[in-house]
Amino acid sequence: MFPLTRCSRWLLSRQPQVISAAGSVRGPRKLSGSAVAMAPIERVTVIGSGLMGSGIAQVAAQTGHGVQLVDVSQDVLSVASKRIESSLARVAKKKFAEDPQAGVDFVKTTLGRIQFTVDAVEAAKSCDLVIEAIVENVGVKQKLFSELDKAAPSSTIFTSNTSSLSITEIASSTDRRDRFGGLHFFNPVPVMKLLEVIRIDETSDATFDALMKFGKAMKKTTVSCKDTPGFIVNRLLVPYLAEAVRLLERGEASAQDIDTAMKLGAGHPMGPFELLDYVGLDTTKFILEGWSERFPDNPLFKPTEHVNQLVEAGKIGMKSGEGFYSYKKS
Ligand code: 3HC
Numbered sequence: 489m490f491p492l493t494r495c496s497r498w499l500l501s502r503q504p505q506v507i508s509a510a511g512s513v514r515g516p517r518k519l520s521g522s523a524v525a526m527a528p529i530e531r532v533t534v535i536g537s538g539l540m541g542s543g544i545a546q547v548a549a550q551t552g553h554g555v556q557l558v559d560v561s562q563d564v565l566s567v568a569s570k571r572i573e574s575s576l577a578r579v580a581k582k583k584f585a586e587d588p589q590a591g592v593d594f595v596k597t598t599l600g601r602i603q604f605t606v607d608a609v610e611a612a613k614s615c616d617l618v619i620e621a622i623v624e625n626v627g628v629k630q631k632l633f634s635e636l637d638k639a640a641p642s643s644t645i646f647t648s649n650t651s652s653l654s655i656t657e658i659a660s661s662t663d664r665r666d667r668f669g670g671l672h673f674f675n676p677v678p679v680m681k682l683l684e685v686i687r688i689d690e691t692s693d694a695t696f697d698a699l700m701k702f703g704k705a706m707k708k709t710t711v712s713c714k715d716t717p718g719f720i721v722n723r724l725l726v727p728y729l730a731e732a733v734r735l736l737e738r739g740e741a742s743a744q745d746i747d748t749a750m751k752l753g754a755g756h757p758m759g760p761f762e763l764l765d766y767v768g769l770d771t772t773k774f775i776l777e778g779w780s781e782r783f784p785d786n787p788l789f790k791p792t793e794h795v796n797q798l799v800e801a802g803k804i805g806m807k808s809g810e811g812f813y814s815y816k817k818s
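For the sequence shown, the working numbering begins at 489 and goes up steadily by one.
Written out as structure tokens, the structure is:
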């Protein structure tokens with residue numbers, strides 16, 4: 489049994505890599521056994537039941553996988569269970585509009601594929617894939633993976649859903665770097681079609697192929713990327729969001745007009761300030777601070793004063809009821 493106190497702590501033959509002409513990241517170092525195809529991923533352990541973790545667990549269950557969703561307490565898991573149920577009800581309403589009973593059955597069957605547990609180590613003992621979606625702290629993630637590494641079968645693949653940290657650094661706490669990668673999902677997970685599959689230098693071909701197949705089994709469109717800050721989407725998205733804040737800070741346009749401009753002029757579903765509030769200003773602040781510390785000469789990663797002030801005031805976006813906009817019910 490993985491004691492709750494430890495769970496609480498985690499919450500708080502080399503070859504050069506070659507990019508193929510088609511641009512996909514393929515063919516890095518092959519470790520022993522990497523040429524052997526891995527069994528398909530059927531049983532998934534998702535660690536962390538926040539918005540991302542519960543969304544990942546939901547979609548894995550919807551696509552027929554057996555899921556163990558892990559968090560620090562039954563109370564937290566019960567919130568996740570309710571969130572998943574209500575999201576599944578939204579999916580069912582659309583999918584089974586003509587047959588409400590089939591919708592009810594769909595929700596029940598899908599939820600039935602998810603086991604909720606506080607025991608991360610025990611869950612890791614019986615799965616093909618671990619997806620970690622806990623707090624964005626390298627040390628905490630390393631500690632978790634180092635514990636799981638001792639318990640999980642050697643065939644189990646480990647992945648992190650980190651949005652900005654180095655997968656290589658996280659994987660360094662394990663002895664299975666050839667079976668380690670990144671699976672970066674997007675919020676809301678049941679709706680967003682993309683999955684970024686990240687390979688580090690040591691990720692074996694067999695692991696990478698298994699992750700790409702898993703992404704397709706999850707009915708996501710997969711893209712691959714090396715372990716570079718922000719991968720593809722956040723590397724472009726976060727500087728764009730910061731630049732929108734700088735435009736506002738200079739008094740050149742209002743948040744509302746910038747949002748309208750990007751929705752109607754660039755076809756984005758949300759403007760940058762709506763998206764900042766949706767993602768969470770705390771998350772954006774954390775990403776910018778981490779990157780600017782690692783790459784102080786890159787002006788694209790410079791933190792913005794306005795976001796820092798809002799976070800300091802507890803206005804971190806939708807989840808707190810206020811960010812650039814107010815979401816308080818009047
Ligand atoms: N579960 C299930 N279905 C959901 C859902 C959920 N949690 N949230 C929304 N939906 C469904 C709705 O049921 C609806 O389905 P329908 O069209 O068949 O009726 C559809 O999605 C649209 O939802 P809404 O009508 O409630 O609202 P909108 O049309 O305004 O869409 C949105 C909401 C999908 C969030 C859309 O605004 C959008 O795509 N925004 C951009 C989100 C984005 O950019 N996400 C990426 C953030 S970056 C990230 O995640 C990376 C991280 O590392 C920081």
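We put the CB at the ideal spot given by N, CA and C, even for glycine.
It should be emphasised that the depicted structure is a prediction, and the values quoted were computed from it without experimental measurement.
Counting only runs of 4+ residues, the alpha helix (DSSP H) found wholly inside the stretch 619-668 occupies 626-639 and 655-659, in chain order. Shown in chain order are the residues whose CB sits closer than 5 Å to a heavy atom of ligand 1: Ser575, Arg578, Lys582, Ser651, Phe674, Asn675, Pro676, Pro678, Val679, Pro757, Met758 and Val767.
For the pair Met526 and Thr695, the CB atoms are nearer than the 8 Å cut-off. A buried status is given to Asp747, since no fewer than 16 other beta-carbon atoms sit within 10 Å of its beta-carbon. In this structure, the beta-carbon distance from His672 to Glu690 does not fall below 8 Å. Here the C-alpha atom of Lys613 lies approximately 18 Å from the C-alpha atom of Ala621.
Taken through DSSP and simplified to helix, strand or coil, Ser542 comes out as helix. With a minimum length of 3 residues, the unbroken runs of beta strand (DSSP E) contained wholly in the stretch 665-728 fall at 668-672, 682-687 and 709-714. Assigned with DSSP and collapsed to three states, Ser818 falls in coil, not helix or strand.
DSSP places Leu557 inside the beta strand (DSSP E), whose first and last residues are Gly554 to Val558. For Arg531, the enclosing beta strand (DSSP E) has its first and last residue at Arg531 to Ile535. Across the set Asn625, Pro641 and Val592, the C-alpha of Pro641 shows the shortest separation from the C-alpha of Thr533.
In chain order, Gly591, Phe594 and Val595 place their CB closer than 6 Å to the CB of Ala580, counting only its own chain and leaving out the 5 sequence neighbours on each side. Residue nearest to Arg667 within the set Pro678, Leu699, Val560 and Phe604 is Leu699 (criterion: CA-CA distance).
Per DSSP, the continuous beta strand (DSSP E) segment holding Phe604 begins and ends at Ile602 to Thr605.
In the structure shown, the three-state DSSP call for Glu740 is coil.
Annotated three-state conformation of Gly811 is coil, per DSSP. The beta carbon of Ala548 sits closer than 6 Å to those of Val532 and Val555, all from its chain and outside the five residues before and after it, given in chain order. Residue state for Gly805 is assigned as strand, using DSSP reduced to three classes. When Leu763, Asn796, Ile775 and His794 are compared, the shortest CA-CA separation from Met806 is found for Leu763. Taking C-beta atoms as the reference points, Ala705 and Thr598 fail to come closer than 8 Å. When C-beta atoms of the stretch 749-757 are compared with those of the stretch 622-636, fewer than three pairs fall below 8 Å, so the two segments do not count as touching. The shortest CA-to-CA distance from Asn649 to any of Gly703, Glu635 and Ser692 is the one to Gly703. An exposed status is given to Arg578, since fewer than 16 other beta-carbon atoms sit within 10 Å of its beta-carbon. Here Val618 is buried. Its C-beta has 16 or more other C-beta atoms within 10 Å.
Glu777 and Pro791 have their alpha carbons spaced roughly 6 Å apart.
The residues Ser652, Pro717, Gly718, Val726, Asn786 and Phe789, in chain order, have a CB closer than 8 Å to that of Trp779 in the same chain once the five nearest residues on each side in sequence are set aside. Shown here for Leu769: same chain residues with a beta carbon closer than 6 Å to its own, the five before and five after excluded, namely Val795, Leu798, Val799, Ile804, Gly805 and Gly811 in chain order. Membership of Ser566 in the alpha helix (DSSP H) is indicated by the continuous run Gln562 to Lys583. Straight-line spacing of the CA atoms in Glu657 and Met758 works out to 33 Å.
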